[in-house]
Amino acid sequence: MSATDARLPGCPPWPEDFAERYRRAGYWRGETFGRMLRERAGLHGDRVALVSGEDRRTYRELDARVDRLASGFKALGIQAQDRVVVQLPNVAAFHEVCFALFRLGALPVFALPAHRGAEIGYFCEFTEAVAYVIADRHGGFDYRTLAANVKTAVPSLQHVIVVGDAGPYTSLESLYRTPEPLEEPRPDDVAFFQLSGGSTGVPKLIPRTHDDYLYSVRASAEICQLDTSSVYLCALPAAHNFPMSSPGVFGTLYAGGTAVLSLHPSPDVAFPLIEREKVTITALVPPLAMVWMDAAKARRHDLSSLKVLQVGGAKLSAEAAARVKPALGCTLQQVFGMAEGLVNYTRLDDSEERIIHTQGRPICADDEVRIVDEEGQDVPVGETGQLFTRGPYTIRGYYKAETHNARAFTPDGFYGTGDLVRRTADGYLVVEGRAKDQINRGGDKVAAEEIENHLLAHPMVHDAAVVSMPDAFLGERTCAFVIPRGTPPPATSLTSFLRERGLAAFKIPDRVEFVDTFPKTGVGKVSKKALREALVRPAATR
Ligand code: OOB
Numbered sequence: 001m002s003a004t005d006a007r008l009p010g011c012p013p014w015p016e017d018f019a020e021r022y023r024r025a026g027y028w029r030g031e032t033f034g035r036m037l038r039e040r041a042g043l044h045g046d047r048v049a050l051v052s053g054e055d056r057r058t059y060r061e062l063d064a065r066v067d068r069l070a071s072g073f074k075a076l077g078i079q080a081q082d083r084v085v086v087q088l089p090n091v092a093a094f095h096e097v098c099f100a101l102f103r104l105g106a107l108p109v110f111a112l113p114a115h116r117g118a119e120i121g122y123f124c125e126f127t128e129a130v131a132y133v134i135a136d137r138h139g140g141f142d143y144r145t146l147a148a149n150v151k152t153a154v155p156s157l158q159h160v161i162v163v164g165d166a167g168p169y170t171s172l173e174s175l176y177r178t179p180e181p182l183e184e185p186r187p188d189d190v191a192f193f194q195l196s197g198g199s200t201g202v203p204k205l206i207p208r209t210h211d212d213y214l215y216s217v218r219a220s221a222e223i224c225q226l227d228t229s230s231v232y233l234c235a236l237p238a239a240h241n242f243p244m245s246s247p248g249v250f251g252t253l254y255a256g257g258t259a260v261l262s263l264h265p266s267p268d269v270a271f272p273l274i275e276r277e278k279v280t281i282t283a284l285v286p287p288l289a290m291v292w293m294d295a296a297k298a299r300r301h302d303l304s305s306l307k308v309l310q311v312g313g314a315k316l317s318a319e320a321a322a323r324v325k326p327a328l329g330c331t332l333q334q335v336f337g338m339a340e341g342l343v344n345y346t347r348l349d350d351s352e353e354r355i356i357h358t359q360g361r362p363i364c365a366d367d368e369v370r371i372v373d374e375e376g377q378d379v380p381v382g383e384t385g386q387l388f389t390r391g392p393y394t395i396r397g398y399y400k401a402e403t404h405n406a407r408a409f410t411p412d413g414f415y416g417t418g419d420l421v422r423r424t425a426d427g428y429l430v431v432e433g434r435a436k437d438q439i440n441r442g443g444d445k446v447a448a449e450e451i452e453n454h455l456l457a458h459p460m461v462h463d464a465a466v467v468s469m470p471d472a473f474l475g476e477r478t479c480a481f482v483i484p485r486g487t488p489p490p491a492t493s494l495t496s497f498l499r500e501r502g503l504a505a506f507k508i509p510d511r512v513e514f515v516d517t518f519p520k521t522g523v524g525k526v527s528k529k530a531l532r533e534a535l536v537r538p539a540a541t542r
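For the sequence shown, UniProt numbering begins at 1 and goes up steadily by one.
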């Protein structure tokens, strides 16, 4: 079997010369996630791996439960390379499901708890998923109702597996059975799919291999100085790349530390956990970091164990960055990453200047970073341009997206991140803005085109253009400019229409403006720049 045969069709591999280079340099070590957990259970059997509510799982228990669950999945008929959409809140079952699927070589597709019918239906259909794993209820929402709709619509979907009260479906708990030997996946196999924040009509799927992801996990754990005494609090959704691998729960398990799962990122839920479990490191998006800093003033909980607060997913202002240490008594680490690969960190021993004013530098010496102008020419150090990257843990293409890949990647394999950045003389990156048509709503990514397509399905919408508007709390919110057919409908009829179509709540426009025409650019395209400017201009001059 050749190196590429093992991969799932539709997942562009690294060219063999690069793969060889990354192996020789020791980045890709031929490990798999399943074996990694087994080895950790051997090394740290009695240490606590996961804390989830009142449940505590040692490494040995976690490893054994994962074996039993993998056998249960197999008995259901789930096989290597089958896709399984996983949508779970921050509970231990999430990680048991992940590692059980990894051991089986089946491929989780990591949905977020906020996703609804439109997204889940698409993931299931596009990946031809055989199973969908949910919680019964979470955050006031019954996922079994969502599952019922998706199951009717997607013929490939054979199993709905539920954590908690399964109703008519299969209970996850019923699947743990006597373990049997399983055939291991290969290290260069795709291990799972992450979701792209995206800028296109439908979300793109990001295939990550055991080799490449484990490298980023291991190197991130080293950069963050994780060891067996580390206690990581997972407050952001566990399925997102940041709390999963930067270094996140996977990095903590790699290092033999303890990962504590918080069902909610609010101080009310997270602060008592920090105090009780003596959390040493956690990760937040900028708006949450702001909320935490305010809440910490009350000093109702002992947060003194916290050594590192990572902030990423969206730009943290220098003013907010400077407040982290005084407010929370810990080191700030800025993290500028993407599910497609490249992750930049400020280092823990960096100067205050770098920590406050930059978004860090890449993990790896072989992360190739190019910052280019509109013509694709490299810009001088200090000047802003578009960020392109290639490296040992940055994908070479999205899943089954040949046409889009030809645009999103250069012919020599660099991924166009759509971010506008500049590089400092010492190789640190500063994020200055964005060229992609996306709204970053406090770390939640909204692809303008996706929302526009949904709006266009409304009978009273002639045309739609979705743009960002500045927001003091989230950084950005979304505004939909709409040209109506005839008399404008009430704005709420459009937003409820989107909700009924099953869009995640964070994608529903925060504001709707009806207009007669859109401003155009010189070549006649809708000028989103002019629309954004219209939003910040004082009303009298509009
Ligand atoms: C993380 O991953 P994604 O895939 O949700 O979003 C990636 C995009 C980046 O291209 C950039 O536009 C933005 O999110 N971003 C930031 C940022 N971190 C991410 N923009 C400004 N400053 C930052 N610090 O968001 C992600 C993945 C791994 C680790 C951390 C974040």
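Cβ atoms here follow ideal geometry from the backbone N, Cα and C, with glycine treated the same way. If you're wondering where the values come from, they're calculated on a predicted model, not measured in any experiment.
Residues in its own chain within less than 8 Å of residue i by CB, not counting five upstream and five downstream?
i: Phe506; result: Ala114, Arg441, Asp444 and Val446
i: Arg434; result: Gly418, Asp419, Leu420 and Asn440
i: Pro243; result: Cys234, Ala235, Leu236, Pro237, Val249 and Ala283
Does the ligand OOB have even one heavy atom less than 7 Å from the beta-carbon of residue i?
i: Lys445; result: yes
i: Asn241; result: yes
i: Thr424; result: no
i: Met338; result: yes
i: Gln79; result: no
i: Ala322; result: no
i: Asp419; result: yes
i: Val249; result: no
i: Lys315; result: yes
i: Val430; result: no
i: Val343; result: yes
i: Val335; result: yes
i: Gly442; result: no
For residue i, which three-state DSSP category applies?
i: His210; result: helix
i: Ala129; result: coil
i: Ile274; result: helix
i: Phe94; result: helix
i: Val430; result: strand
i: Ser71; result: helix
i: Asp463; result: strand
i: Leu112; result: coil
i: Pro9; result: coil
i: Thr517; result: coil
i: Val260; result: strand
i: Phe473; result: coil
i: Pro89; result: coil
i: Arg537; result: coil
i: Gly524; result: coil
i: Val279; result: coil
i: Val512; result: strand
i: Thr478; result: strand
i: Arg300; result: coil
If I measure Cβ to Cβ from residue i and keep anything under 7 Å in the same chain, skipping five residues before and after, which residues do I get?
i: Arg347; result: Ile223
i: Tyr215; result: Tyr27, Trp28, Pro392 and Tyr393
i: residue 543; result: Since the first residue shown for the chain is 1 and the last is 542, residue 543 is missing from the structure and cannot be characterised.
i: Glu149; result: The sequence given here places Asn at residue 149; Glu does not occur at that position. Taken in chain order, the residues that qualify are Gly117.
i: Leu332; result: Leu309, Val311, Ala321, Val324, Lys325 and Ile355
i: Ala530; result: Pro519
i: residue 550; result: Nothing about residue 550 can be reported from this structure: the residues present for the chain run from 1 to 542 only.
i: Ile274; result: Leu233, His301, Leu303, Ser305 and Leu306
Just mark residue i as buried or exposed, buried being the case when its beta carbon has 16 or more other beta carbons within 10 Å.
i: Pro83; result: Here residue 83 turns out to be Arg, not Pro, going by the sequence shown. With 16 or more other Cβ atoms within 10 Å, it is buried.
i: Arg105; result: Here residue 105 turns out to be Gly, not Arg, going by the sequence shown. By the neighbour-count rule (16 or more Cβ atoms within 10 Å), Gly105 is buried.
i: Phe473; result: exposed
i: Asp165; result: exposed
i: His462; result: exposed
i: Glu20; result: exposed
i: Leu456; result: exposed
i: Thr258; result: buried
i: Leu112; result: buried
i: His264; result: exposed
i: Val536; result: exposed
Chain D beta carbons: is any one of them nearer than 8 Å to that of residue i?
i: Thr145; result: Protein chain content of the structure displayed is limited to a single chain, and chain D is not contained in it.
Excluding five sequence neighbours on each side, which residues of the same chain lie with their C-beta closer than 6 Å to the C-beta of residue i?
i: Trp292; result: Pro267
i: Ala491; result: Val512
query = What residue ranges within the stretch 117-176 form continuous beta strand (DSSP E) runs of no fewer than 3 residues, ordered along the chain?
reply = Inside the stretch 117-176, DSSP marks whole beta strand (DSSP E) runs of 3 or more residues at positions 131-135 and 159-163, from first to last along the chain.
query = Which residue spans inside the stretch 304-389 form an unbroken alpha helix (DSSP H) run of at least 4?
reply = List check, alpha helix (DSSP H) in window: 318-328 and 352-357.
request  = Scan the stretch 217-249 and note each continuous beta strand (DSSP E) run of 3 residues or more that stays entirely inside, going in chain order.
outcome  = Uninterrupted beta strand (DSSP E) stretches at least 3 residues long and entirely within the stretch 217-249 occur at 231-234, given in chain order.
request  = Any chance you could list the alpha helix (DSSP H) runs of at least 4 consecutive residues sitting entirely within the stretch 22-57, in chain order?
outcome  = Runs of the alpha helix (DSSP H) inside the stretch 22-57: 33-44.
query = In the stretch 392-420, which residue ranges form an unbroken alpha helix (DSSP H) of at least 4 residues, counting only runs that do not cross its ends?
reply = Counting only runs of 4 or more residues that sit fully inside the stretch 392-420, the alpha helix (DSSP H) segments are 402-408, in chain order.
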